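Inspection log for the structure reproduced underneath, given as structure tokens.
Residue numbers (the working numbering), protein chains in the order written: chain H, 736 to 1005; chain L, 736 to 1005.
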């Protein structure tokens, strides 16, 4: 795991506090280099790029960032353009807004901008994403699926994600939209992946050693399927209820940490 | 555990199928003695006892039960009345409707009818409860608390329950109302109790050996806190996010069974 986690990721469960006192957005600023940051907002996920971009540009400007700009990518041609690549190359922080995670991957997957983002990540540039922007970071991502339903065979659509975070599937708006069922179904489908459910106004900051710390005001739920000794997930017709015996669940509050490699909470809390 | 579980309990997560084909209500009929059953509907939980009582009486009559009647208990005086005690004493099945679990315990707790129900249970009479009627069965019951919220210090109010099911806390409408957070908080508050979350149109049938089998169309989620090695639950101010490391979670589909004494799913499924 630690192999690919060269840089820093900040994955936000959506609906983050957007006041100037926002712990999470302040973290974006400090990890991007404070007033000297070169911060790029990528609005590719949303169909309202101007409105969403402007919100974040204003917010980060008010927090003291001099060089912050929103860039939209509306088709795969945009994702190859020189001026965008150049912007990514000089960015010290990159922030994916919310929207639809399938827009992110289908528009930038495999493009020049995608490779520029991977290079930036490896150089240590902080890559941030909120809501859809957080979901898109893992190898395989959840595209959609109902919340507040019994865990079942037809609960979720998945697709290949950006792959910045390996062996993990991230879900967002987690408690607020009752998404434990769909995350359990994902983990049952392949216990190799760790399920990470991030509540609203809550984030995980993943460091280069694949240890994350929780930021914000809610909780992060981790589902570890390593010890599952029975599941019926491969036999389910759509809508059939899931069975899954013996998974592990951790609930992490702000300030607590979790080691993605050993799959253990870290006890000496900050 | 097995000590007190002399009889049979059928706990339903609410919103059970009310057609004549209902698996769960058919189970009530068969365990009460089919056409020869003497079935008593207790509407104490609801403020609409006539309407709710009539619904179940009609339904069970249509399923072939000759002797089915609804009895309301509107105050603690009712809970001492001879004719109600006599009815309980000859019942072969007792069914608590939904409503407010605090009405059940505050109106019948410690009364003659309560003791008559305990005696019936020990004789092997099936005791059923749906929604509030299911919640009220455990030693300590959840009274209320928000769903779809980050697990936190202020999520739940609890009260002493009827005590027919020991060492367990039951929650209902579980997936549909996003109640995993409040059940995790309860288990963190005392890992001695096992958290059992029952989805709508889903039930657990607990036998005299404290093994339950899942009935209906959804899932049952079991939270086992035996191995929790850290929680902050005792330090939380209202609304503070919960931390809880290393709980176990089982998702059970209809037909699967769970042994409440050993806290293990039973593998030879029926």
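C-beta atoms are modelled at their ideal positions from N, C-alpha and C, and glycine is treated no differently.
Just so it is clear, the structure is predicted and the values come from calculations on it, not from any experiment.
Could you tell me which of L:871, L:805, L:912 sits nearest to residue 895 of chain L, measuring between CA atoms?
Working through the second chain from its first residue, we reach residue 895 of chain L at position 160. Checked all of L:871, L:805, L:912; the closest Cα to residue 895 of chain L is L:871.
Curious, which full-length alpha helix (DSSP H) runs of at least 4 residues does the stretch 755–821 of chain L contain?
758–767, 784–797
Just the chain L side, please: which residues come within less than 8 Å of residue 930 of chain H by C-beta, in chain order?
Here the question's residue 930 of chain H lines up with position 195 in the first chain. Per Cβ cutoff of 8 Å: no residues; residue 930 of chain H is ~11 Å from chain L at best.
Taking CB distances under 8 Å as the criterion, tell me whether residue 984 of chain L reaches chain H.
Along the second chain, one-based indexing puts residue 984 of chain L at 249. It does: the Cβ of residue 984 of chain L has a partner Cβ on chain H nearer than 8 Å.
Specify the secondary structure class of residue 858 of chain H as computed by DSSP and reduced to three states.
Along the first chain, read from residue 1 onward, the residue named residue 858 of chain H stands at position 123. The answer is helix: DSSP assigns residue 858 of chain H an H, G or I state.
Just verifying my parser: in three-state terms, what is the DSSP assignment at residue 992 of chain H?
For the purposes of this step, residue 992 of chain H is taken as the residue at position 257 of the first chain. Strand at residue 992 of chain H.
Let me see if you follow: with CB-CB separation under 8 Å, is residue 865 of chain L close to chain B or not?
No chain B is part of this structure, whose protein chains are labelled H and L.
Compare the C-beta of residue 940 of chain H against all C-beta atoms of chain L and say whether one is closer than 8 Å.
Your numbering for residue 940 of chain H matches position 205 in the first chain. Cβ-Cβ to chain L under 8 Å: no for residue 940 of chain H.
When the cut-off is 8 Å and only beta carbons count, does residue 934 of chain H lie next to chain L?
By one-based count along the first chain, residue 934 of chain H stands at place 199. Yes, its Cβ sits closer than 8 Å to a Cβ of chain L.
Report the start-end ranges of each beta strand (DSSP E) in the stretch 952–999 of chain H that is 3 residues or longer and not cut off at the edges.
955–959, 979–987, 992–994
When L:779, L:972, L:805 are compared against residue 840 of chain L, the one with the closest alpha-carbon
Here residue 840 of chain L is taken as the residue at index 105 of the second chain, counted from 1. Here the closest residue by C-alpha is L:779.
Coarse secondary structure for residue 950 of chain L, derived from DSSP in three states
Residue numbering aside, residue 950 of chain L sits at position 215 when the second chain is read from its first letter. Residue 950 of chain L falls in the strand class under three-state DSSP.
Could you tell me whether the Cβ of residue 987 of chain H comes closer than 8 Å to any Cβ of chain L?
Taking the first residue of the first chain as 1, we reach residue 987 of chain H at position 252. Chain L, which has a Cβ nearer than 8 Å to the Cβ of residue 987 of chain H, makes this yes.
Work out the CA separation of residue 795 of chain L and residue 783 of chain L for me, nearest whole Å.
If you number the second chain from 1, residue 783 of chain L lands on position 48. If you number the second chain from 1, residue 795 of chain L lands on position 60. Spanning the two alpha carbons is a distance of roughly 19 Å.
Could one say the Cβ of residue 750 of chain H lies closer than 8 Å to chain L's Cβ atoms, at least one of them?
Taking the first residue of the first chain as position 1, residue 750 of chain H is located at position 15. Taking Cβ atoms only, chain L never reaches closer than 8 Å to residue 750 of chain H, which makes this a no.
Taking contact to mean at least 3 C-beta pairs separated by less than 8 Å, is the stretch 951–968 of chain H in contact with the stretch 976–984 of chain H?
yes
Would you list the residues sitting across from residue 892 of chain H in a DSSP beta bridge?
Counting from 1 along the first chain, the entry for residue 892 of chain H is found at position 157. Paired residue(s): H:879.
Identify the contact partners of residue 978 of chain H in chain L, using a Cβ-Cβ distance below 7 Å as the criterion.
Along the first chain, read from residue 1 onward, the residue named residue 978 of chain H stands at position 243. Residues of chain L passing the Cβ test: 986, 987, 988, 991.
For residue 832 of chain H, three-class secondary structure by DSSP:
The count along the first chain starts at 1 and reaches residue 832 of chain H at position 97. It is coil, neither helix nor strand.
Who does residue 933 of chain H pair with in a DSSP beta bridge?
Locating residue 933 of chain H in the first chain gives position 198, where the first residue counts as 1. The partner list for residue 933 of chain H (beta bridge, DSSP) reads H:955.
State the start and end residues of the unbroken alpha helix (DSSP H) segment that holds residue 921 of chain H.
Reading the first chain from its first residue, position 186 is the one you call residue 921 of chain H. Per DSSP, residue 921 of chain H belongs to the alpha helix (DSSP H) from 915–924.
Please list the terminal residues of the continuous alpha helix (DSSP H) segment that includes residue 730 of chain L.
Only positions 736 to 1005 of chain L appear in this structure, which leaves residue 730 of chain L out of reach.
Using a beta-carbon distance cut-off of less than 9 Å, what residues from the stretch 873–897 of chain H approach chain L?
882, 883, 884, 885, 886, 887
Once the 5 residues before and after residue 907 of chain L are set aside, which same chain residues still bring their CB inside 7 Å of it?
Translated into the one-based positions of the second chain, residue 907 of chain L becomes position 172. Cβ within range, chain order: 748, 749, 866, 869, 870, 933.
Please report how far the alpha carbon of residue 833 of chain H lies from the alpha carbon of residue 763 of chain H, in whole angstroms.
In the first chain, counting from the first residue as 1, residue 833 of chain H sits at position 98. In the first chain, counting from the first residue as 1, residue 763 of chain H sits at position 28. Looking at the two C-alpha atoms, the distance is approximately 15 Å.
Are any of the Cβ atoms in chain L nearer than 8 Å to that of residue 836 of chain H?
Position 101 of the first chain holds residue 836 of chain H. Not closer than 8 Å to any Cβ of chain L, the Cβ of residue 836 of chain H fails to qualify, so no.
Just to check my reading of the structure: residue 743 of chain L and residue 940 of chain L have Cβ atoms closer than 8 Å, yes? What is that Cβ distance to the nearest angstrom?
In the second chain, the residue the question calls residue 743 of chain L occupies position 8. In the second chain, the residue the question calls residue 940 of chain L occupies position 205. With a Cβ gap of about 7 Å, residue 743 of chain L and residue 940 of chain L count as contacting.
Which word fits residue 1002 of chain L, buried or exposed, when buried means at least 16 other C-beta atoms lie within 10 angstroms of its C-beta?
Within the second chain, the letter at position 267 stands for residue 1002 of chain L. Under this definition residue 1002 of chain L is an exposed residue.
Buried or exposed for residue 804 of chain L, going by 16 or more other Cβ atoms inside 10 Å?
Start at 1 with the first residue of the second chain, and residue 804 of chain L comes out as number 69. Classification of residue 804 of chain L: exposed, given that the 10 Å Cβ count is below 16.
Going along the chain, which residues of its own chain have a beta-carbon closer than 6 Å to the beta-carbon of residue 974 of chain H, five neighbours each way excluded?
Mapped onto the first chain, residue 974 of chain H falls at position 239. Hits under 6 Å: 887, 889.
Applying the criterion that 16 or more other CB atoms from any shown protein chain within 10 Å of the CB defines a buried residue, is residue 738 of chain H buried or exposed?
As a first step, residue 738 of chain H is located in the first chain; it is residue number 3 there, counting from the start. Caution is warranted here: a pLDDT of 46 is assigned to residue 738 of chain H, below 50, making its placement in the model unreliable, and the coordinate value is therefore given only provisionally. Counting Cβ neighbours within 10 Å, residue 738 of chain H comes out exposed, since fewer than 16 surround it.
Can you give me the start and stop residues for the beta strand (DSSP E) that residue 743 of chain L sits inside?
What you label residue 743 of chain L is simply residue 8 of the second chain in a count that begins at 1. Run containing residue 743 of chain L: 743–747, per the beta strand (DSSP E) assignment.
Burial state of residue 856 of chain L (16 or more Cβ within 10 Å):
Taking the first residue of the second chain as 1, we reach residue 856 of chain L at position 121. Per the 10 Å Cβ criterion, buried.
Chain H partners of residue 954 of chain L, CB-CB under 7 Å?
Counting from 1 along the second chain, the entry for residue 954 of chain L is found at position 219. Within 7 Å Cβ-Cβ: 885, 886, 976, 977.
Buried versus exposed call for residue 836 of chain L [16 or more other C-beta atoms within 10 Å across all chains shown]:
Sequence index remark: in the second chain, residue 836 of chain L carries index 101 (1-based). With 16 or more Cβ atoms within 10 Å of its Cβ, residue 836 of chain L is classed as buried.
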